[in-house]
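For reference, the structure discussed in these notes is given below.
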Amino acid sequence: MTDKKDTGKDRFIDQPPSYHHLDSVAKQASDDHEIVQRAVIYCGWGRIIMGHTYADPRDIAAELLKESPGKRDIAMYVADPHVALTSAPQQLFLDPSDTFRLDLPQQKKPVPAEDLRIRRLATPEDAKRINELYLQRDMVPTDPDYLWAQRDSRSLISLVAEDQVTGEIVGTVTGIDHVELFNDPSGGSSLWCLTVDPQAARPGVGEQLMGSLAEYFHKVGCKHLDLSVLHDNLQAKALYEKLGFRQVYTFSLKNKNAFNENLFLGPELEEELNPYAKIIVDEARARGITVELLDAHEGYFRLIRGGKKVSCRESLSDFTSAVAMSRCQDKYVTHRWLRRAGLNTPSFRLAGQQDANMAFLDEHRELVVKPAVGEQGKGITVGVHTERELDQALLTARQYGERVLLESFHPGQDLRVVVIGYEVVAAAVRRPPQIIGDGAQTVATLIEKQSRRRRAATGGESSIPIDQQTEACLAEQQLTLDSVLDSGRVIQVRKTANLHTGGTIHDVTPQLHPKLVAAAEEAARQLEIPVVGLDFMVKDPSQEDYVIIEANERVGLANHEPRPTAQRFLDLLFPLSVSMRDDQEVDDK
């Protein structure tokens, strides 16, 4: 156990001035038996108020009301929430979350994962990456500078999960040592902000982070670890119980702020929306724009502000004309318009007679075959080399439409650039789905598990189909669905990077070459479409070489969080409305 005489030093390093008021700062414990009164700790995204260190529940309410703009404070372990709420019933609410507890001497340690390292912050970039992960999961942003200043704190513990193959930070968790913070006689600790990159292919990252934090607290002498989970998150509850957690009965209070609206207002919309419609609807509601659902199942809704009404299907709105939409829907027409404007496209032609098709294949040696009209990667075959492969690719494409487009193949990275209001807002590299071997499970099982994670991360929008294209991709690597991969071996299971077929997306907006920015904005102007997702093939996003392979008139804005795509979309539709979420944007400086 560490020396309690130093606890006051690491608890409030570099806090914003608004958190220096004397009433809420936990006073120094004079000895190992004196409990610190009114214990509060700032976590970067807000404060945790330890309710059981307050003698009067009304003081808890007063503390919560000091919440700073853009932050989310939480009062935990409130014994008499009804008394606290009487002090500010219009500003505070009872959080609908349950608390689970792990008795640390009985913890079930997860088997260490190869090539995954759980560690504390090592660089300021680690702290920035934690904030990016929060934003990707639509969580309250944190202050990276504060996290970095707290890297050696014994009260506030931030861990990251580093994929040692790629060097990427793929997850993070924060913990609070209650003994260090307020000399907790019960030996408690708590877990906060456990999150994993939604694009991560490696399984079990969250469990490894949780296990490592529990092990740390056990080593320093804590007796239990608590966490909070929404009452209706049955999947998470089942996992926690599997890991040895048990429910304990306590209460939490929060402020009625923009971040918490869905918790205290309840569901305003009667039907569920897919993620691509929901991100826009949530932003509209945060601005006070009325939302009228037209067909929730298909993503249709109407936005109303004052006398203005705009109908949308996800990011396709009344602002996009039917003519502009038709230019993007037909990939052959898209290529013609962009090529005429002097922009780079693949060589292309419509599939026709066999001899003409084979002449085009002989000229370019490798082709991409796709329906001229289609979406979500359906019917596309990449890497056609032979007449037999071409015939099969044509049959596949014609299942989705009679007009089939042949394109020259261009190797490189699949880059999606989002243009809103004729300005680039976001850019991301899309990667084909991958799996990681464990030396025991078959390829088919690993694909299904990765597919399950992709569905969970995308609200059911992304999964990896096991079909002829998947089997062909495996065959090129001398593998089948029944093969067992060596532990740590990473393989690609499809050639296309489409998100609907299990692909992952990785933000590269800060690295985008100015020539690519100019090409994307010019393409949007030539197609006369104000909101569009342009698909490029590039050697690297930081280089100027490119070809534009598609224009998507209904781009999935949710795929580009934390970029402010929904904010800019609403700015376009309702320029006088004010976003409450602009402070969540990523700082690229």
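Going from the sequence shown to the numbering used here is simple: count from 1 and add 292. Glycine included, every Cβ here is placed at the ideal spot set by N, Cα and C.
Return the residue from the list the options that minimises the CA-CA distance to residue i.
i      : options                           : result
Asn475 : Met342, Arg411, Leu862 and Leu804 : Met342
Arg789 : Trp440, Phe861, Lys601 and Ala720 : Per the sequence shown, residue 789 should be read as Ala rather than Arg. Checked all of Trp440, Phe861, Lys601 and Ala720; the closest Cα to Ala789 is Ala720.
Pro802 : Asp774, Gln835, Leu535 and Glu406 : Gln835
Thr458 : Val839, Ile841, Met829 and His798 : His798
Gln726 : Gln769, Glu694 and Gly752         : Gln769
Arg723 : Phe640, Asp827 and Val403         : Asp827
Asp774 : Lys787, Ile758 and Gly780         : Ile758
Asn636 : Val583, Ser700, Leu653 and Pro416 : Ser700
Cys620 : Val583, Ala648, Ile841 and Pro416 : Ile841
Asn566 : Val785, Leu698, Arg747 and Ala528 : Arg747
Pro397 : Gly479, Gly591, Arg429 and Ile728 : Gly479
Thr750 : Ser504, His792, Leu766 and Val521 : His792
Arg632 : Gln818, Glu694 and Gln491         : Gln818
Leu868 : Arg538, Leu804 and Ile596         : Ile596
Ala718 : Asp437, Leu804 and Ala550         : Leu804
Lys787 : Ser603, Ala764, Leu653 and Val583 : Ala764
Pro495 : Thr796, Ile728 and Gly795         : Ile728
Glu820 : Val716, Ser613 and Leu439         : Ser613
Lys548 : Thr542, Ala578, Tyr532 and Glu533 : Ala578
Glu694 : Ala664, Ser481 and Leu439         : Ala664
Gly671 : Ala492, Arg409, Gln383 and Thr762 : Thr762
Ala616 : Pro822, Lys515, Ala850 and Pro856 : Pro822
Trp440 : Glu655, Thr415 and Asp524         : Thr415
Excluding sequence positions up to five away, which residues of its chain have a Cβ less than 6 Å from the Cβ of residue i?
i      : result
Asp315 : Because Asp315 carries a pLDDT of 33, less than 50, the predicted location of this residue cannot be relied on, and no value is offered for it.
Pro349 : Asp372, Val375 and Ala376
Ala816 : Val711, Tyr714 and Val824
Gly848 : Tyr568
Arg244 : Lying before the first or after the last residue shown, residue 244 is absent from the chain, which here runs from 293 to 881.
Gly591 : Asn566, Ala569, Arg605 and Glu606
Val540 : Thr391 and Arg393
Gly338 : Lys363, Arg364 and Asp365
Val317 : Summary for Val317: the model assigns pLDDT 36, below 50, so the residue's position carries little reliability; its value from the coordinates is reported in the next sentence. Cβ within range, chain order: n/a, list empty.
Ala465 : In the sequence as displayed, the identity of residue 465 is Val instead of Ala. Closer than 6 Å at Cβ, skipping near neighbours: Leu451, Leu486, Leu501 and Leu505.
Arg744 : none
Leu522 : Ser389
Val830 : Gly704, Gln705, Leu707 and Tyr838
Thr542 : Tyr369 and Thr391
Ile449 : Gly467
Pull up the CB-CB distance for residue i and residue j, whole angstroms please, since I reckon it's below 8 Å.
i      : j      : result
Ile581 : Phe861 : Ile581 to Phe861, Cβ: 12 Å. No contact.
Glu424 : Pro854 : 6 Å
Tyr568 : Ser609 : About 13 Å separates the two Cβ atoms, so there is no contact after all.
Ala643 : Lys662 : In fact, because the Cβ distance is near 10 Å, the residues do not count as touching under 8 Å.
Lys546 : Asp387 : 5 Å
Leu501 : Gly536 : Not really, about 16 Å apart at Cβ, beyond 8 Å.
Gly675 : Glu658 : 6 Å
Pro447 : Ile468 : For the record, residue 447 in the displayed sequence is Ser; it is not Pro. 6 Å between Cβ atoms; contact.
Leu519 : Leu473 : Between Leu473 and Leu519 the Cβ distance is about 16 Å, and since that is not below 8 Å, they are no contact.
Gln705 : Pro806 : The Cβ separation is near 18 Å, so there is no contact.
Gln428 : Pro490 : 6 Å
Ala367 : Ser603 : Wrong, their Cβ atoms sit about 42 Å apart, outside the cutoff.
Keeping to the same chain, check which residues put their C-beta closer than 8 Å to that of residue i; ignore five residues upstream and five downstream.
i      : result
Met650 : Glu679 and Leu682
Ser618 : Val625
Glu667 : Asn844 and Arg846
Phe551 : Arg364 and Val432
Tyr346 : Gln329, Arg330, Ile352 and Glu355
So, for residue i: in the same chain, excluding its five sequence neighbours on each side, which residues have a beta-carbon less than 7 Å away from its beta-carbon?
i      : result
Gly752 : none
Asp863 : none
Asp407 : Asp455, Gln456, Val457 and Gly780
His344 : Tyr369 and Ala371
Leu630 : Thr637, Ala815, Gln818 and Ile840
Leu865 : Leu595, Val602, Ser609 and Phe611
Phe593 : Ala569, Val573, Val583, Glu584, Leu585, Leu586 and Cys604
Lys420 : Pro436
Report yes or no: do the region 501-511 and the region 359-369 share at least 3 C-beta pairs separated by less than 8 Å?
With fewer than three CB-CB distances shorter than 8 Å, the region 501-511 does not count as touching the region 359-369.
Taking one C-beta from the region 374-382 and one from the region 335-353 each time, how about it: are there three or more such pairs within less than 8 Å?
The region 374-382 is in contact with the region 335-353.
Whole runs of the alpha helix (DSSP H) within the region 380-424, excluding any shorter than 4 residues
As far as the region 380-424 is concerned, it has no whole alpha helix (DSSP H) run of at least 4 residues.
Could you tell me which uninterrupted beta strand (DSSP E) segments, each at least 3 residues in length, are contained entirely in the region 641-720, listed from first to last along the chain?
Here the runs fully enclosed are 659-663, 673-676, 696-700 and 705-712.
Tell me the start and end of each unbroken beta strand (DSSP E) in the region 743-795 that is at least 3 residues and wholly inside, in chain order.
Listed in chain order, they are 782-784.
Unbroken alpha helix (DSSP H) runs of length 4 or more, entirely within the region 512-590: which are they?
Every unbroken stretch of the alpha helix (DSSP H) spanning 4 or more residues and falling wholly within the region 512-590 is given here in chain order: 526-534, 553-556 and 567-578.
Curious, which full-length alpha helix (DSSP H) runs of at least 4 residues does the region 468-499 contain?
At a cut-off of 4 residues, the continuous stretches assigned as alpha helix (DSSP H) that sit fully inside the region 468-499 are 470-474.
Taking only runs of the alpha helix (DSSP H) that begin and end inside the region 605-646, which ones reach a length of at least 4 residues, in chain order?
For secondary structure counted as the alpha helix (DSSP H) over 4 or more consecutive residues, the region 605-646 holds these complete runs in sequence order: 614-621 and 623-632.
Contact the region 804-821 vs the region 523-534: 3+ CB pairs below 8 Å
They do not touch, by the three-pair rule.
Curious, which full-length beta strand (DSSP E) runs of at least 3 residues does the region 794-862 contain?
Fully enclosed beta strand (DSSP E) runs of 3 or longer: 796-799, 823-830 and 838-844.
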